[in-house]
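Asker: The working numbering numbers the first residue of the sequence shown as 39 and each following residue consecutively.
Think of the CB as a built atom: it goes at the ideal place given N, C-alpha and C, for glycine as much as any other residue.
Let me give you the structure first, and then I'll get to my questions.
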Amino acid sequence: MTSMRSVLLHVLAISFALALALPSWAEEPDQPAAAAATPPAAGTEPKPWDQEAVAKLAEDFAKRASEAYTAIYNQGGTTGSLASGQRRDFFRLRDKARIIDREARHYRSAIKDGKGLDETYSIFERLMVEVRGARVVARRVMIQEDTQKKIAAAGAVLQQISDYYDPAAFFEGPQAPLNDPEFGATK
């Protein structure tokens with residue numbers, strides 16, 4: 039029984055990590071197609087900078103990052119069933135989500151103020167560092183499905199933003215195993 043529970047918890051943690059990595063989990067109609075979740079070819083050049091397009095994405099990302107943070111924060115009442123180690127990781131994840139939310143708002147403000155690629159690159163890098171850290175912690179935590187969807191929606195927009203900076207950045211760092219036979223292939 040313990041083994042089955044361990045596998046179930048691991049599958050749920052992988053589901054969350056996939057939600058961070060795969061925008062196709064976002065079930066909202068305005069999200070990009072699942073094909074966008076494949077890493078770009080090595081050496082893929084960033085899109086030409088488009089201040090207006092990036093401003094729209096920054097606005098959308100700030101909104102969705104806030105929704106994801108709120109969903110994670112509100113899930114705090116359900117942590118009683120988590121083991122001690124998972125509780126700590128849940129609160130680490132919640133803190134990472136808070137930082138991502140704050141950085142998303144900072145990024146939106148910088149873009150709104152007319153700052154361009156070079157001026158906002160360090161903000162983008164900080165966001166990606168926090169997202170990678172959240173992916174690591176998320177592998178060890180059980181997250182509700184509706185919260186996963188909100189995280190995936192934010193991730194989908196961040197992936198689009200990364201196309202203007204470094205198309206491979208979204209896919210760098212820890213990723214969930216996409217075709218691990220122990221947990222079944224995911225689509």
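Do residue 100 and residue 146 have their CB atoms nearer than 9 Å?
Answerer: Closer than 9 Å, so yes.
Asker: Sort 85, 84, 111, 193 by Cα distance to residue 170 and report the nearest one.
Answerer: Selected option, being the one with the closest Cα: 193.
Asker: With a CB to CB cut of under 6 Å and the five nearest residues on each side skipped, what residues in its chain are close to residue 130?
Answerer: Result list for residue 130: 175, in chain order.
Asker: Is the stretch 177-185 touching the stretch 159-166 in the sense that three or more CB pairs, one from each, lie closer than 8 Å?
Answerer: They do not touch, by the three-pair rule.
Asker: Kindly list the residues whose CB is nearer than 7 Å to the CB of residue 111, restricted to its own chain and excluding five residues on each side of it in sequence; keep chain order.
Answerer: Around residue 111: 132.
Asker: Alpha carbon to alpha carbon, how far is residue 81 from residue 203?
Answerer: Going from the Cα of residue 81 to the Cα of residue 203 covers about 13 Å.
Asker: Could you tell me the boundaries of the alpha helix (DSSP H) in which residue 189 lies?
Answerer: Residues 183-203.
Asker: Going by the CB atoms, is the gap between residue 143 and residue 103 shorter than 9 Å?
Answerer: Against a cut-off of 9 Å, the Cβ pair of residue 143 and residue 103 comes out as a contact.
Asker: Quick check: what's the CA-CA separation for residue 199 versus residue 125?
Answerer: Distance between the alpha carbons of residue 199 and residue 125: 32 Å.
Asker: Since residue 85 contacts residue 201 with CB under 8 Å, what's their CB separation in whole angstroms?
Answerer: So it is a contact: roughly 5 Å between Cβ atoms.
Asker: Rounding to the nearest angstrom, what Cα-Cα distance links residue 140 and residue 205 in this structure?
Answerer: The straight-line gap from Cα to Cα measures roughly 23 Å.
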